[in-house]
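In the numbering used here, the protein residues as written are 3 to 127.
For each residue, glycine too, the CB sits at the ideal point set by N, CA and C.
Following: one structure in structure tokens, then a few remarks.
What follows is the structure, encoded as structure tokens:
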């Protein structure tokens, strides 16, 4: 089973890390992409093809990668599990298995969790 990953070009990587082709040539960037592919295959036990993906899938993969970086107590709230603690692998598996509807709910939850709370105190007098 091949897992579709965001279609990544050397220019995509350069744009993301704000460098030019003179700073890092294509062959080095493509080597970095291949290493990322292999790392993802090892982490997910799925075969990855970084050259075969639509723009919509690319955006969903980006959202998943960002959500997977959430740490602390937020993981438990996002995952909606009754486990006291989730390790990185358990949390990653839940996010990988989430469909777009679940990802939308996770983003909504993150919106609530990241809101700034302000408390006002005053006294009569």
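Checklist entry - Exposed or buried, which one is residue 110 when buried takes at least 16 other CB atoms within 10 Å? => result exposed
Item to check | Buried versus exposed, by CB contacts within 10 Å (16 or more), residue 93 | outcome: buried
Item to check | residue 23 versus residue 17: straight-line alpha-carbon distance, rounded | outcome: When rounded, the distance between both Cα atoms is 10 Å.
Item to check | Between the CA atoms of residue 119 and residue 125 - distance to the nearest angstrom | outcome: 20 Å
Item to check | Through-space distance from residue 26 to residue 74, alpha-carbon basis | outcome: 35 Å
Checklist entry - For residue 70, which residues of its own chain have a beta-carbon under 6 Å away from its beta-carbon, when the five flanking residues on both sides are left out? => result 94 and 97
Checklist entry - When the Cα atoms are used, what is the spatial distance from residue 103 to residue 127? => result 52 Å
Item to check | For residue 102, the three-state DSSP class (helix, strand or coil) | outcome: Helix.
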